[in-house]
Structures are given as structure tokens and as C-alpha cells.
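Just so you know, we're using the numbering used here here: the sequence shown kicks off at 719 and counts up by one.
One structure is given below, encoded as C-alpha cells.
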Amino acid sequence: MPTKVAPNPPTTVLDRDEVISVRSLRRTYGTVEAVRGIDLSVRRGEIFAFLGPNGAGKTTTVEILVGLQARTSGEVTVLGVDPAVGGPSWRARLGIVTQESQPDPGLTVSDCLELYAGYYPHPRDVQETLALVGLTARRNRLGEHLSGGERRRLDVALALIGDPELVFLDEPTTGFDPAARRAAWDMFAGLRELGKTVFLTTHYMEEAERLADRIAVIREGRIVAMGTPDALGGRDAMEARISVPLPPGVTVDDLPGDLRLAVRARRDGRVVLGVRDVRACLEVLVGWAAERGDDLTGLEVTRPSLEDVYIELIGHPQGGQQR
719 MPTKVAPNPP
729 TTVLDRDEVI
739 SVRSLRRTYG
749 TVEAVRGIDL
759 SVRRGEIFAF
769 LGPNGAGKTT
779 TVEILVGLQA
789 RTSGEVTVLG
799 VDPAVGGPSW
809 RARLGIVTQE
819 SQPDPGLTVS
829 DCLELYAGYY
839 PHPRDVQETL
849 ALVGLTARRN
859 RLGEHLSGGE
869 RRRLDVALAL
879 IGDPELVFLD
889 EPTTGFDPAA
899 RRAAWDMFAG
909 LRELGKTVFL
919 TTHYMEEAER
929 LADRIAVIRE
939 GRIVAMGTPD
949 ALGGRDAMEA
959 RISVPLPPGV
969 TVDDLPGDLR
979 LAVRARRDGR
989 VVLGVRDVRA
999 CLEVLVGWAA
1009 ERGDDLTGLE
1019 VTRPSLEDVY
1029 IELIGHPQGG
1039 QQR
């Protein structure tokens, strides 16, 4: 059983821009440590992505942040309040989109929003919210008759109807086809324009890269990297790959000296160079080819993807008891 956290009075976050503050958070289930002393903070107005494999501790962390379960130890504040003692007025400031939901039977889309709006002290306008999520044309359709993508839009509308300051999106596009996923991304990006703070959990690297201002990666209950999509895990300092087609009769030994040292692979009449300064390397290559009268048609430049970095960070997690 987790150690009961003493109910302290709600406290105001010292940094007004810090919407979520987590320090040394732990959660154990018997002998299993689901969350092992993590630290993180989320700033007002940003989209913060929380990535990790199944069983890494994402769901447990989110459930603690929204007050659905107790922590074993550590300090947590969300919107200036300890979630362990957050009351109705605090919960009204949160919007939550869970992985799975079912529409209320017998209610139209508008009916659902009218019903949920009645639970909040200062709800958004129903018609404006429908327009925001692209459901105006479906406002009179029964919820159970919506497509999967439309139901997800309804989920987001229900999360927004209370005009929350902080929105949790838990795997919001799982099962979407590519077109529906991209449409959802545009909708989620619009939340930032409304001044909302978004805490996003996802398995899709492209989704995190497209939406997130910052990303945290959790593995086996510990955060192993945190940063912007471009810099996560040292991505911005990793080698780029330049694949160069060698003209007939040309070998690696014919390359300029510095480039010979950068060769990482040879295959199919091409060499692959690993470099950090792409522009400098290309200038040398172009000059070398021009002197020889050679053509560099087919040259390719690739940088480490976010997925490459993510796979390197998570490795091969053991166990699988965490949530």
C-alpha cells in the first residue's frame, strides 16, 4: 500500500509560469516501483509530450497528476494545488481526454455538450466549442453514430467545454488513419492559440515532433531525457549522414582527406559519411566534384530522426509491471 500523503492545504506555485511541478515522485505497487523518483515541470502555454514504451510509468504518472491515485512519496503541484487534496473547483480547471470513451447513449453531440457544460461554473459557449473541434455539421447527430475520428473530436470538445487551463491528452490519436491523425494535430495545435497548456502522452514520434514544445522520455519509471524535439537526447549534436554516389572508377581513397576519415559505410557504389557540420562537408564535396568534372546527382543528406533518438533512449526495457 502506498504511504498516505498528508493532506496539506493547497499551495501556490512560486513560478507563475510553472503549471505542473513534480519533484522526486515515486509510486510503488507492493515490491514493484512503477515510478522511480522523477522530476519534471510544465510551463504555462506549452504542449509537453510524455513518451515511453508500454509499462514505462506514463499512465501512473498522469493518474497522479489528475488526482486519480495517490503517490507513494514526492512533491506534486498542478495549477498550484496538490492533486491529492484537489477539490471540485480545482478539477474544473482541468480537461482530460482519456484513451477510450463511450458517448452518452441517446444524446446528440449538442446535447452532450449542453449536459457537460452544466457541470462547470464558467463553461465555454457550446456552439463555439463545436466549431473549434469541427463538429458543427454533426451537432444534431447521436454520439453513438459518429465515426471514430468524430468521437475523438467530441472527446476533445467535452474536455474543453469547462474552459480548462490545463488539458491532458492521453494517446489521443490511437487507431486513427493518417488523414484523421493530421486533422487532429491541427485541432490540438489550436489549443496553444487558446492559451491552454497541454500534457500529451503518445506513441507517435511524428505527433510529438509536430506538436510538442518539449518532450520527456520515461523508461522503467525513470525520466531518461528531456528537451525540445530538436535537442532531445543530444539529437542536435548527433552526426548527420551524407550518402555520396561515387563516379565510375572513383574509390574512397580519392576523396579529400577529411572526408575519408568521415566514411561510415560503403555500399552499392556509394559511401556514407558521418558529419556534424553538414554545410562545411557539402562545400568540400561540391568543390572536389567540380575540380574533377564529376556529378553528385543522387547525393542524400539525412539527420537522426526523433524515432532514432527515442529507440536509443528506451533501449530494451525489462519487466513490464509498470503502468
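Think of the CB as a built atom: it goes at the ideal place given N, C-alpha and C, for glycine as much as any other residue.
Note that this is a predicted model, so its numbers are computed, not measured.
Could you tell me the distance, in whole angstroms, from the CA atom of residue 826 to the CA atom of residue 833?
Each residue's CA atom was taken as its position, placing residue 826 and residue 833 some 10 Å apart.
Work out the CA separation of residue 877 and residue 780 for me, nearest whole Å.
Rounded to the nearest whole angstrom, the CA to CA distance from residue 780 to residue 877 is 16 Å.
Residues bridged to residue 1025 by DSSP?
DSSP output for residue 1025 lists no bridge partner at all.
Name the one or two DSSP bridge partners that residue 944 has.
Residue pairing by DSSP places residue 944 opposite 934 in a beta bridge.
So, for residue 935: in the same chain, excluding its five sequence neighbours on each side, which residues have a beta-carbon less than 8 Å away from its beta-carbon?
Same-chain partners within the cutoff: 769, 770, 941, 942, 943, 944, 950, 951, 1028, 1031, 1032.
Pick from 810, 946, 795, 888: whose alpha carbon is nearest that of residue 775?
With distances taken between Cα atoms, residue 775 lies closest to 888.
According to DSSP, is residue 1086 helix, strand or coil?
Because the chain spans 719 through 1041 in this model, residue 1086 falls outside it and cannot be assessed.
On the DSSP letters alone, give me the boundaries of the beta strand (DSSP E) that residue 750 sits inside.
Per DSSP, the continuous beta strand (DSSP E) segment holding residue 750 begins and ends at 750 to 761.
The segment 806 to 824 touching the segment 861 to 872, judged by at least three CB pairs closer than 8 Å:
Three or more beta-carbon pairs drawn from the segment 806 to 824 and the segment 861 to 872 are found closer than 8 Å, and the two stretches are therefore classed as touching.
Touch check for the segment 739 to 754 and the segment 788 to 798: three-plus C-beta pairs under 8 Å?
The segment 739 to 754, when compared against the segment 788 to 798, does touch it at the 8 Å Cβ threshold.
What's the C-alpha gap between residue 891 and residue 1006?
Answer to the nearest angstrom: the Cα atoms are 48 Å apart.
Would you kindly report the start and end of the unbroken beta strand (DSSP E) that includes residue 826?
Careful: residue 826 lies outside any beta strand (DSSP E) and carries neither H nor E.
Could you tell me which residues DSSP pairs with residue 664 in its beta bridges?
Past the edges of the chain, shown from 719 to 1041, lies residue 664, and the structure says nothing about it.
Grab me the residues of residue 741's own chain with a C-beta within less than 8 Å of its C-beta, minus the 5 sequence neighbours each way, in chain order.
These residues qualify, in order along the chain: 757, 792, 793, 794.
Have a look at the DSSP bridge pairing and note the partners of residue 916.
Assignment of beta-bridge partners to residue 916 by DSSP yields 765, 885.
For the alpha helix (DSSP H) containing residue 812, name the first residue and the last one.
No alpha helix (DSSP H) holds residue 812; the beta strand (DSSP E) holding it covers 812 to 815.
Residue 853 (DSSP reduced to helix, strand or coil)
DSSP places residue 853 outside both helix and strand once states are collapsed to three, so it counts as coil.
Our contact map puts residue 879 next to residue 839 with C-beta atoms below 8 Å; I'd like the distance itself, whole angstroms only.
By a beta-carbon distance limit of 8 Å, residue 879 does not contact residue 839. Their separation comes to about 12 Å.
Residues in the same chain with beta-carbon distance under 6 Å from residue 982, minus the five sequence neighbours each way, listed in chain order, please.
Cβ neighbours of residue 982 beyond the five flanking positions: 990, 992.
Look up residue 992 in the DSSP assignment and say whether it is helix, strand or coil.
Correct three-state label for residue 992: strand.
Taking the beta strand (DSSP E) that residue 792 falls in, what are its first and last residues?
Run containing residue 792: 791 to 796, per the beta strand (DSSP E) assignment.
Rounded straight-line distance, which links the Cα of residue 801 to that of residue 846:
Residue 801 has its alpha-carbon roughly 30 Å from the corresponding atom of residue 846.
Grab the span of the beta strand (DSSP E) containing residue 983 for me, first residue to last.
Boundaries of the beta strand (DSSP E) harbouring residue 983: 981 to 985, taken from the DSSP string.
Cα-Cα separation, residue 999 to residue 1022:
Spanning the two alpha carbons is a distance of roughly 17 Å.
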